[in-house]
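Chemist: Okay, handing you the structure first.
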Amino acid sequence: MGSQGGFGQSKEFLDLIKSIGEARSKAEEDRIVLREIETLKARLSDPNTPKFKLKEYLIRLLYVEMLGHDASFGYIHAVKMTHDDNLLLKRTGYLTVTLFLNEDHDLIILIVNTIQKDLKSDNYLVVCAALNAVCRLINEETIPAVLPQVVELLGHQKEAVRKKAVMALHRFSQRSPGSVSHLLSNFRKRLCDNDPGVMGATLCPLFDLITLDVDKYKDLVVSFVNILKQVAERRLPKSYDYHQMPAPFIQIKLLKILAVLGSGDKKASEQMYTILGDIMRKGDSTSNIGNAILYECICCVSSLHPNAKLLEAAADAISKFLKSDSHNLKYLGIAALSRLIKISPDIAEQHQLAVIDCLEDPDDTLKRKTFELLYKMTKSSNVEVIVDRMIEYMISISDNHYKTEIASRCVELAEQFAPSNQWFIQTMNKVFEHAGDLVNAKVAHNLMRLIAEGFGEDDDTADSQLRSSAVESYLRIMGEPKLPSAFLQVICWVLGEYGTADGKYSASYITGKLCDVAEAHSADDTVKAYAVTALLKIYSFEIAAGRTVDILSECQSLIEELLASNSTDLQQRAYELQAILNVDAHAVEKIMPINSTCDDIEIDKNLAFLDGYVQQSLENGAEPYIPESERSGMLSISSFMTHEDHEPSTHTLRFEAYELPKPSLPPNAPPSSTELVPVTELSYVADIFQPTTSLPSASDSAASELKLRLDGVQKKWGRAHLLLPCPTHHFKQRHCEDSK
Amino acid sequence: MIRGVIIMNDQGKPRLIKFYEFQPVEKQHELVRSIYRILCSRAENVSNFVKVDSLFGPDVRLVYKTFATLYFVFVFDNSENELAMLDLMQVFVETLDKCFSNVCELDVVFNFSKVHTILDEIILGGQVLETSSSEVVKAVEEISKMERNANSILPASWQGR
Numbered sequence: 045m046g047s048q049g050g051f052g053q054s055k056e057f058l059d060l061i062k063s064i065g066e067a068r069s070k071a072e073e074d075r076i077v078l079r080e081i082e083t084l085k086a087r088l089s090d091p092n093t094p095k096f097k098l099k100e101y102l103i104r105l106l107y108v109e110m111l112g113h114d115a116s117f118g119y120i121h122a123v124k125m126t127h128d129d130n131l132l133l134k135r136t137g138y139l140t141v142t143l144f145l146n147e148d149h150d151l152i153i154l155i156v157n158t159i160q161k162d163l164k165s166d167n168y169l170v171v172c173a174a175l176n177a178v179c180r181l182i183n184e185e186t187i188p189a190v191l192p193q194v195v196e197l198l199g200h201q202k203e204a205v206r207k208k209a210v211m212a213l214h215r216f217s218q219r220s221p222g223s224v225s226h227l228l229s230n231f232r233k234r235l236c237d238n239d240p241g242v243m244g245a246t247l248c249p250l251f252d253l254i255t256l257d258v259d260k261y262k263d264l265v266v267s268f269v270n271i272l273k274q275v276a277e278r279r280l281p282k283s284y285d286y287h288q289m290p291a292p293f294i295q296i297k298l299l300k301i302l303a304v305l306g307s308g309d310k311k312a313s314e315q316m317y318t319i320l321g322d323i324m325r326k327g328d329s330t331s332n333i334g335n336a337i338l339y340e341c342i343c344c345v346s347s348l349h350p351n352a353k354l355l356e357a358a359a360d361a362i363s364k365f366l367k368s369d370s371h372n373l374k375y376l377g378i379a380a381l382s383r384l385i386k387i388s389p390d391i392a393e394q395h396q397l398a399v400i401d402c403l404e405d406p407d408d409t410l411k412r413k414t415f416e417l418l419y420k421m422t423k424s425s426n427v428e429v430i431v432d433r434m435i436e437y438m439i440s441i442s443d444n445h446y447k448t449e450i451a452s453r454c455v456e457l458a459e460q461f462a463p464s465n466q467w468f469i470q471t472m473n474k475v476f477e478h479a480g481d482l483v484n485a486k487v488a489h490n491l492m493r494l495i496a497e498g499f500g501e502d503d504d505t506a507d508s509q510l511r512s513s514a515v516e517s518y519l520r521i522m523g524e525p526k527l528p529s530a531f532l533q534v535i536c537w538v539l540g541e542y543g544t545a546d547g548k549y550s551a552s553y554i555t556g557k558l559c560d561v562a563e564a565h566s567a568d569d570t571v572k573a574y575a576v577t578a579l580l581k582i583y584s585f586e587i588a589a590g591r592t593v594d595i596l597s598e599c600q601s602l603i604e605e606l607l608a609s610n611s612t613d614l615q616q617r618a619y620e621l622q623a624i625l626n627v628d629a630h631a632v633e634k635i636m637p638i639n640s641t642c643d644d645i646e647i648d649k650n651l652a653f654l655d656g657y658v659q660q661s662l663e664n665g666a667e668p669y670i671p672e673s674e675r676s677g678m679l680s681i682s683s684f685m686t687h688e689d690h691e692p693s694t695h696t697l698r699f700e701a702y703e704l705p706k707p708s709l710p711p712n713a714p715p716s717s718t719e720l721v722p723v724t725e726l727s728y729v730a731d732i733f734q735p736t737t738s739l740p741s742a743s744d745s746a747a748s749e750l751k752l753r754l755d756g757v758q759k760k761w762g763r764a765h766l767l768l769p770c771p772t773h774h775f776k777q778r779h780c781e782d783s784k
Numbered sequence: 813m814i815r816g817v818i819i820m821n822d823q824g825k826p827r828l829i830k831f832y833e834f835q836p837v838e839k840q841h842e843l844v845r846s847i848y849r850i851l852c853s854r855a856e857n858v859s860n861f862v863k864v865d866s867l868f869g870p871d872v873r874l875v876y877k878t879f880a881t882l883y884f885v886f887v888f889d890n891s892e893n894e895l896a897m898l899d900l901m902q903v904f905v906e907t908l909d910k911c912f913s914n915v916c917e918l919d920v921v922f923n924f925s926k927v928h929t930i931l932d933e934i935i936l937g938g939q940v941l942e943t944s945s946s947e948v949v950k951a952v953e954e955i956s957k958m959e960r961n962a963n964s965i966l967p968a969s970w971q972g973r
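Just so you know, the protein sequences line up as chains G and C, in that order. Numbering-wise (our numbering), the first sequence opens with residue 45 and increments by one. Numbering-wise (our numbering), the second sequence opens with residue 813 and increments by one.
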């Protein structure tokens, strides 16, 4: 085992890892780890443990936590170790602390001081260790404590320190943009750092800042283009080459920044065309990193103001990606294509075959990416093929998260591009059948609305055709087992509204089917509710049309069952159904007009139609209506001074509940030393009566209550023990005596 | 930004977990387990990328690669380039290789804190800090040297092993 420098571990640790590795079961492993935890607990808290042993114990503790066990008992030791002057121990302390704690942990406050000190250290490695910790552990509250030092370190002579200081400042601006907003010019300054590494690091915060506010950084376009040019022309030291590419990671970051800066800006874009063209021309498509740069160029080109030459080059690169045998490159090809089609839609057609090939690929990532692309490529001419493929795929996968996504995309595409009603209904049926419980409830409502409203054109025959085909398909599907609840609801609703509309099916046939659904899903109240309401509609339409209603015996028993249902909703629906059966045709027509689901209901908020009736009643000597706010008895609700005002006149009981006590701060004054009453209780009492404290208490009639109110006042101002009401007081005294 | 770096073995046992946004221990394990499940289900000779938006939120993906018995996993969002991440992983592994001369799973386990030191030189706060493995090796060696010096003032019995 190569133990390097100070990284070697003891035999004990070796044995631990070995025994965990050899553990045959999870239980055995847990036993070993728990034993280790006991050992560590004892040793860490033993004051005689030498410091240098502590270091290893902390590393072991880290290992224990990585295996999923609680190690919080040792956090404090990690914190203590950061205080050590020995670099090895200090670094171990910082490492463990950054892995154990989050930035809001209570122990952080104990480290801030050490970090402050270490940031000023002469040893740059100590400074680096502290900066690492800063990136992880400093939160919004503690930023001001270290900010001045971090800013100072931006000018440190070691480039490693400058780099990390840039990163730390970036982290601050992510955490709390306000705290460093006045320091952002430092990033611009560091862009000109003579160490390319520091410049490269500065690109990270600049990318974020530019994404947030492009306009502020437009002046940097020239600088970025120049830097990119220098990098691409190999003017950086050889040591920045990676696989013969000059500083590829810096190039990629720059390309990302240029993409943001040039988006929708013709002038800025034009400044970038030359260098982009150069890079793509010289691009090396044999190495991984070369392709990464090429891909980034395509992304950049597709976000800039379009340029024919560059688009052509991008299209060429994409076709190379798609033709490649490597799955990674195919994936990039698809990803690049879905960006490029936004500005040049025809490019998709050239690659249609290659794209379809990717759907057959065994690689799930590639498939998903391809479906994302197809979703963007969909038009009314290809919607049928694409949605069919999507549904096929949706049925085949088991990941619910993704299934939901695909289902909602199918719905969206179908709604947008459906070539025919028939197809639309069939597609929706498939989606609902296989993912009904996953799609948003809104989709079901949209479908119902769509069937009710038709496709918006004023073409009644088309609409009724749509409905007929829907009814027909539902009658076919509804017998299948295990249909999702949402789908059954749609089915019931449509059958109720339109089941008998075209005269093809008789009322008894439809009602029979509805009863079957309700019976087959007797555990699902929502479906039953939809079914019974559908029954109600069918029967009303029958009555309105003047036909005699012939209730099937199974319907009768269903209604009877629901009349006694536990669910009040179902009961109500059943009673309504029963009531409607006994009403004459004319009335039923008013209650349940045919095909009126889309009619807007106009609400007469002033209840103007009642005016005549009211007038008549008044003439007959009725009391005029008094608005609630003006009624004398009701005053008590809106105002809290009711008692004084109304107690003499109205000797009625009050039924309104008191206002709930608001959670409030404990009384202002600190409790006196003898006070043992829990503070929360005090504030509660004080709070209930608080409103009355602002009132002058003049009336004697409420004297008994006044005492209580005064209690609130007194507590509030701190001399509680002088005027306390009895119960609390006794309680207090008892406690006092106890404590004596 | 990079959301996390995970090394685990082919049994799913974590060897290094580092998230750049704090995750409680239980959550870390849940994530590692879910990632392990996803990786296991992947066929050979497919792409190295997996979309993991169901675990980490929209647009988050991971790149993974197996080296001997170890899975290396980088989790990142759409401000990073997939292929470049794959190369960054290569840098990481190359560096490990240089530091441990022919790295293997046991090296990672036994020299846990050194692996962290190396990673901290490459990625800081979720951003790529250094991409040249020789630079990283240089920095790590310097730290080792300083630590050895610090170690030499310890009582002799505690020096190394």
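C-beta: ideal position from N, C-alpha, C; glycine also.
1) Measure the CB-CB distance between Ile-819 of chain C and Leu-882 of chain C and report whether it falls below 8 angstroms.
2) Count Cβ pairs between the region 461-471 of chain G and the region 506-522 of chain G that sit closer than 8 angstroms; are there 3 or more?
3) I want to verify the contact list: residues of chain G whose CB lies under 8 angstroms from the CB of Pro-826 of chain C, in sequence order.
4) Leaving out the 5 sequence neighbours to the left and right, which residues in its chain are closer than 8 angstroms to Val-632 of chain G when beta-carbon positions are compared?
5) Report the rounded CA-to-CA distance for Tyr-446 of chain G versus Ile-850 of chain C, giving the unit in angstroms.
6) Using the rule of at least 16 other Cβ atoms within 10 Å of the residue's Cβ for burial, across every protein chain shown, is His-121 of chain G buried or exposed?
7) Any beta carbon of chain C sitting closer than 8 angstroms to that of Glu-691 of chain G?
8) For Gln-734 of chain G and Ala-701 of chain G, what's the separation of their Cα atoms in angstroms?
9) Which residues, taken in chain order from the region 255-286 of chain G, show a beta carbon closer than 7 angstroms to some beta carbon of chain C?
10) Counting only Cβ pairs nearer than 9 angstroms, list the residues of chain C close to Cys-344 of chain G.
11) Between Lys-124 of chain G and chain C, is any beta-carbon pair separated by less than 8 angstroms?
12) Roughly how many angstroms separate the alpha carbons of Leu-978 of chain C and Phe-293 of chain G, rounded to a whole number?
13) Taking Asn-332 of chain G as the reference, which of G:Ser-368, G:Ser-347, G:Asp-432 and G:Gly-308 has the closest Cα?
14) Can you list, in chain order, the residues of its chain with a C-beta nearer than 6 angstroms to that of Gly-938 of chain C? Leave out the 5 residues immediately preceding and following it.
15) Cα separation between Asp-128 of chain G and Ser-223 of chain G?
16) In whole angstroms, give me the CA-to-CA distance for Ala-462 of chain G and Ser-424 of chain G.
17) Of all Cβ atoms in chain G, is any one closer than 8 angstroms to the Cβ of Lys-877 of chain C?
18) Are the C-beta atoms of Pro-705 of chain G and some chain C residue less than 8 angstroms apart?
19) Exposed or buried, what is Tyr-375 of chain G when buried is set at 16 or more other beta-carbons lying within 10 Å of its beta-carbon?
20) Which parts of the region 886-965 of chain C are runs of the alpha helix (DSSP H), unbroken and 4 residues or longer, counting only runs that do not cross its ends?
21) Out of curiosity, what's the CA-to-CA distance linking Asn-961 of chain C and Ala-189 of chain G?
22) Within 8 angstroms of any Cβ in chain C, is that where the Cβ of Ile-61 of chain G sits?
23) Taking 6 angstroms as the limit between beta carbons, can you name the residues of its chain near Leu-250 of chain G, skipping five residues before and five after?
24) Starting from the Cα of Leu-607 of chain G, find the closest Cα among G:Leu-596, G:Val-593 and G:Gln-622 and give me that residue.
25) Taking only beta carbons into account, state which residues of the region 881-894 of chain C come closer than 8 angstroms to chain G, listed in chain order.
26) Is it a yes or a no for the region 375-386 of chain G touching the region 406-415 of chain G, going by three-plus beta-carbon pairs under 8 angstroms?
27) Distance check for Phe-888 of chain C and Val-920 of chain C, CA to CA, integer angstroms please.
28) Taking Cβ-Cβ distances shorter than 7 angstroms, what residues in chain C pair up with Lys-208 of chain G?
29) Helix, strand or coil for Leu-253 of chain G, going by three-state DSSP, please let me know.
30) Name, please, each residue of chain G whose Cβ falls closer than 7 angstroms to the Cβ of Lys-863 of chain C.
31) Please list the terminal residues of the continuous beta strand (DSSP E) segment that includes Leu-874 of chain C.
32) Nearest chain C C-beta to Arg-219 of chain G closer than 8 angstroms, yes or no?
33) Do Ala-361 of chain G and Leu-338 of chain G have their CB atoms nearer than 8 angstroms?
34) With a cut-off of 8 angstroms, does the C-beta of Phe-904 of chain C fall near any C-beta of chain G?
35) I want to check one thing, is the minimum distance from the CB of Ile-930 of chain C to the heavy atoms of the ligand MG below 7 angstroms?
36) Spell out whether any CB of chain G is found under 8 angstroms from the CB atom of Asp-899 of chain C.
Modeler: By the coordinates alone:
1) The Cβ atoms of Ile-819 of chain C and Leu-882 of chain C sit closer than 8 angstroms to each other.
2) They touch, by the three-pair rule.
3) At a beta-carbon threshold of 8 angstroms, the residues of chain G lying near Pro-826 of chain C are Met-110 and Leu-111, ordered along the chain.
4) When the five nearest sequence neighbours on each side are left out, the beta carbons in the same chain lying within less than 8 angstroms of the beta carbon of Val-632 of chain G are those of Ser-584, Ile-587, Ala-588 and Ile-624, in order along the chain.
5) About 14 angstroms.
6) With a 10 Å radius around the Cβ and a threshold of 16 neighbouring Cβ atoms, His-121 of chain G comes out buried.
7) Low local confidence applies: a pLDDT of 47 at Glu-691 of chain G is under 50, so the model's placement there is unreliable, with the coordinate-based value given in what follows. At a cut-off of 8 angstroms between C-beta atoms, Glu-691 of chain G does not count as an interface residue with respect to chain C.
8) Residue confidence is low: Gln-734 of chain G scores 45 on pLDDT, short of 50, so the model does not pin down where it sits. Its coordinate-derived value is still stated next. Roughly 16 angstroms separates the two Cα atoms.
9) For chain C, the residues of the region 255-286 of chain G that bring a beta carbon within less than 7 angstroms of one of its beta carbons are Ser-283, Tyr-284 and Tyr-286, in chain order.
10) Simply none; closest approach about 11 angstroms.
11) Taking Cβ atoms only, chain C never reaches closer than 8 angstroms to Lys-124 of chain G, which makes this a no.
12) Residue coverage of chain C in this structure runs from 813 to 973, which leaves residue 978 of chain C outside it and unanswerable.
13) Closest in alpha carbon position to Asn-332 of chain G, among G:Ser-368, G:Ser-347, G:Asp-432 and G:Gly-308, is G:Ser-368.
14) Contacts found: Met-813, Ile-814 and Tyr-832.
15) Going by the C-alpha atoms only, they are around 30 angstroms apart.
16) Going by C-alpha positions, Ala-462 of chain G is about 7 angstroms away from Ser-424 of chain G.
17) Using a CB distance cut-off of 8 angstroms, Lys-877 of chain C does not count as an interface residue toward chain G.
18) Look at Pro-705 of chain G: its C-beta is not under 8 angstroms from any C-beta on chain C.
19) By the neighbour-count criterion, in which 16 or more other beta carbons inside 10 Å mark a residue as buried, Tyr-375 of chain G falls on the buried side.
20) As far as the region 886-965 of chain C is concerned, its whole alpha helix (DSSP H) runs of at least 4 residues are 894-912, 917-922, 924-934 and 945-964.
21) Distance between the alpha carbons of Asn-961 of chain C and Ala-189 of chain G is about 31 angstroms.
22) Yes, its Cβ sits closer than 8 angstroms to a Cβ of chain C.
23) Cβ within range, chain order: Phe-231.
24) Ranked by how close their Cα comes to the Cα of Leu-607 of chain G, the residues G:Leu-596, G:Val-593 and G:Gln-622 have G:Gln-622 in first place.
25) Answer set for the region 881-894 of chain C: Ser-891, Asn-893 and Glu-894.
26) Three or more Cβ pairs closer than 8 angstroms define a contact, and the region 375-386 of chain G meets that threshold against the region 406-415 of chain G.
27) Computed Cα separation, rounded: 22 angstroms.
28) Per Cβ cutoff of 7 angstroms: Leu-936.
29) Here Leu-253 of chain G sits in helix by DSSP.
30) Ordered by position in chain G, the residues that pass the 7 angstroms Cβ test against Lys-863 of chain C are Thr-409 and Arg-412.
31) Unbroken beta strand (DSSP E) run through Leu-874 of chain C: 873-879.
32) No, no contact with chain C.
33) Taking 8 angstroms as the Cβ cut-off, Ala-361 of chain G and Leu-338 of chain G qualify as a contacting pair.
34) Taking Cβ atoms only, chain G never reaches closer than 8 angstroms to Phe-904 of chain C, which makes this a no.
35) Looking at this structure, you won't find the ligand MG or any other ligand, since it has none at all.
36) For Asp-899 of chain C, the answer is yes, since a Cβ of chain G falls inside 8 angstroms of its Cβ.
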